[in-house]
Structures are given as C-alpha cells and as structure tokens.
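*Asks:* Taking this note's numbering, the leading residue of the sequence shown gets 50, the next gets one more, and so forth.
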Amino acid sequence: MNRPALSVLTYTLALFFLALGLREGVRQYREDLYVRAATQEALSGSAGSDHVSKVRALQEFVRGHVHNANFSARNRPFFRDSAADTLAAGKGRCGEATRLFINMASAAGISARRLYLEGRKPHVVAVVVADDGSRLVIDSSDQPYLPEIESFESLQRSPQFTAYSTFGFRRLAALRALPSHDVNLGPLNYVLENPHALIACLWLLPSLSLFGLTELLRRRVISRNRADSERKISVMGGLSGGAEV
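(1) Assuming A175 and L164 make a contact with CB atoms under 8 Å, what is their CB distance in whole Å?
(2) Which residue comes first and which comes last in the beta strand (DSSP E) that contains H172?
(3) Alpha helix (DSSP H) containing T211: first to last residue?
(4) Whole angstroms is fine: what's the gap from P255's alpha carbon to V84's?
(5) Go through its chain and collect everything with a Cβ distance to V75's Cβ below 7 Å, but skip five positions before and after it.
(6) Anyone know if the C-beta pair for L253 and T59 falls short of 8 Å?
(7) Going by DSSP in three states, A292 sits in which element: helix, strand or coil?
(8) Using 8 Å as the threshold, is the C-beta distance between V104 and I159 below it?
(9) CA-CA distance, S189 and L247?
(10) Would R162 and N238 be called neighbours here (beta carbons separated by less than 8 Å)?
In structure tokens:
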C-alpha cells in the first residue's frame with residue numbers, strides 16, 4: 050500500500066473513532082443532565098448550605114432510591130452501571146450507590162472519591178472533603194456498615210475494616226501487601242466514575258493517534274514529492290547544459 054492510500058485509510062479510521070468518542074460524549078452529557086436534576090431535587094430539602102448538610106441530604110437521597118434487592122452482581126457491564134443507569138433502575142450494591150453519590154456530590158460542587166474497604170466483608174464508600182479540609186467517609190448503601198457520616202480518622206480505628214484503598218487492586222491476593230492509601234485523582238475521578246466518559250476517552254486516544262499519523266504521512270508524501278521535483282529539475286538542467294555544449 051502506497052503512502053497516499055495509507056494516509057486516506059488512517060484518516061478514515063481516525064474519523065470513525067472520533068465519531069464513536071463523540072457518541073459516548075453525548076450520552077455522558079445527557080446522563081450528567083439527569084443526575085444534575087436529581088441532585089437539585091435532593092438538595093431542595095437540605096437543612097443548610099454547608100458541605101455536611103448537602104452530603105447528608107445526598108446520602109439520604111441515594112439510600113432512599115437505590116436498593117440492593119433482586120440485583121444480581123453477575124453479568125454487570127465491564128465498567129459497571131453508570132450513575133444515571135443506577136438511579137433509573139433503583140437497584141445496586143454499595144459500588145453502584147457510591148458511584149451515584151460521587152456524581153451527585155460533583156454536581157453539587159463537592160469533591161468526592163471512591164474508597165474500597167477491606168475487612169470482614171469488602172465494602173465501598175465515598176470520601177468527601179469538608180469545608181474545613183477534613184475528610185469525611187460516606188456510606189450511601191441502603192444497608193450501611195457506617196450509618197452515620199464518619200471522619201476518616203475514625204474509619205482508620207474501626208475494627209470492621211483492616212485496610213482501605215482508592216483502587217481495588219488490593220483485593221487481588223498478589224497485591225495485598227500494598228499499604229492502605231487514599232489518593233485524590235482530581236479530574237480523573239470524573240472519568241473513572243462515568244463509563245461513557247471513560248469509553249469516550251478510550252475512543253479519542255486512537256483517533257488522535259491516527260490523526261497524528263495521517264499528518265506525518267502527509268508531510269512525508271509532500272517531502273518525497275518535493276525531492277522528486279528537485280531531482281527532475283536537476284536532471285533536466287543537466288540535459289540542457291549538455292545540449293548547449
């Protein structure tokens with residue numbers, strides 16, 4: 050395959066992957082609107098405007114709308130259900146409830162992230178940064194291990210849990226030697242807690258790479274054509290000089 054044909058192929062594939070990424074981005078935008086509307090509804094009954102009051106209102110909303118009843122953990126999507134899917138279905142385990150809470154907290158302007166707990170039974174909660182900068186632990190499941198909002202320090206002293214982590218890697222036997230950790234991933238939290246946003250990024254990465262490859266091939270074709278033109282001019286000049294002699 051020559052370079053012009055290859056550049057057409059890479060450009061076509063780049064557009065295809067871009068279209069897939071944009072489709073996922075549109076789906077994510079629509080889900081964000083849905084979650085935002087639910088957040089406004091939940092906060093309409095908030096007792097105050099401080100972070101703790103908002104967090105408590107969101108926690109109660111999620112507990113009242115997401116139930117771990119007749120919900121099978123099998124055959125779940127690879128990236129798990131989105132916050133909007135969980136809210137619409139009204140079913141989910143601790144992971145799904147936590148994802149919904151994190152997205153609603155984000156819609157309310159509150160920084161929240163996932164935390165995996167290990168102990169007698171694995172569990173998933175959210176960590177929220179309060180107005181004063183302290184970390185609070187939020188259990189949003191309808192059958193909570195932590196009924197009340199807890200400080201991060203009290204979680205560390207809890208006999209129910211022996212370790213915690215931002216990522217679920219410690220649940221693998223080979224990685225249990227890793228120390229407990231709580232990492233704030235910043236904007237990456239949004240991508241990890243929203244499957245459509247994550248999939249959009251996964252499509253956009255090859256798209257951008259292919260656009261870059263297309264540009265590289267285009268420049269090489271231009272460079273080769275320029276070199277060929279200069280070579281022809283040189284040859285013609287040589288022939289003209291020989292004819293004059």
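Beta carbons are placed, not taken as given, at the ideal position from N, Cα and C, and that holds for glycine.
These figures come from a predicted structure and were not determined experimentally.
*Replies:* With the given structure in hand:
(1) The Cβ separation is near 7 Å, so the contact holds.
(2) It spans 172-178 - the beta strand (DSSP E) in which H172 sits, taken as one unbroken run.
(3) From DSSP, T211 is part of no alpha helix (DSSP H) but of the beta strand (DSSP E) over 210-214.
(4) Roughly 29 Å between the two C-alpha positions.
(5) none
(6) no
(7) The predicted model places A292 with a pLDDT of 48, which falls under 50 and marks its position as unreliable, so this point remains unresolved.
(8) yes
(9) 23 Å
(10) yes
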